[in-house]
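Below is one structure, written out as structure tokens, with a few remarks after it.
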Amino acid sequence: WNISMAAATLLEGIARTIEDSVVDLVLPFITQNINADNWRMKEAALMAFGMILDGPSGEKLSPLVMQAMPILINCLRDPQTLVRDTSAW
């Protein structure tokens with residue numbers, strides 16, 4: 012257990028609680044960092060994206076998931092193992 016895992020678990024709980032509203036709160040962080048040169052920021056954005064998927068409605072998430080798929084697939088080729096693992100997860 013570490014700070015990253017705790018933050019991800021907390022974000023997942025928030026997403027399940029406030030549902031669609033979480034997207035507007037977290038999306039700016041994701042869009043700003045998902046293509047970052049800093050692999051830690053990229054991995055954090057990928058983790059945040061993954062952790063909010065269980066809260067919002069399909070209608071809210073569907074366009075975002077479709078938009079994210081090419082980025083997620085590209086991240087599977089990232090030089091950093093944690094970025095690849097988080098993208099695959």
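Each residue of the sequence shown is one higher than the one before, starting from 12 at the first, in the working numbering.
No residue lacks a Cβ here, since even glycine has one placed at the ideal position from N, Cα and C.
The ligand NAD heavy atom lying under 7 Å from the CB of residue i
i, result
"CYS86", "By its list of ligands, the structure shown contains no ligand whatsoever, and the ligand NAD lies outside what it can speak to."
Option nearest residue i by Cα separation, candidates the options
i, options, result
"GLY61", "GLN43, ALA26 and ILE14", "ALA26"
"ALA55", "VAL37, SER68 and GLU70", "VAL37"
"ASP89", "VAL76, TRP50 and GLU23", "TRP50"
Beta-carbon spacing of residue i, residue j below 8 Å
i, j, result
"LEU66", "ILE29", "Note on identity: in this sequence residue 66 is Gly, with Leu being the wrong assignment. Closer than 8 Å, so yes."
"CYS86", "SER98", "yes"
"LYS71", "ASP96", "no"
Environment of residue i [buried if 16+ CB atoms lie within 10 Å]
i, result
"PRO14", "In the sequence on display, residue 14 carries Ile and not Pro. Result: exposed."
"LEU57", "buried"
"ILE101", "No answer is possible for residue 101: the residues shown for the chain start at 12 and end at 100."
"VAL76", "exposed"
Quiz item: Quick check: the region 15 to 26 against the region 42 to 51, are there 3 or more CB pairs under 8 Å?
Solution: no
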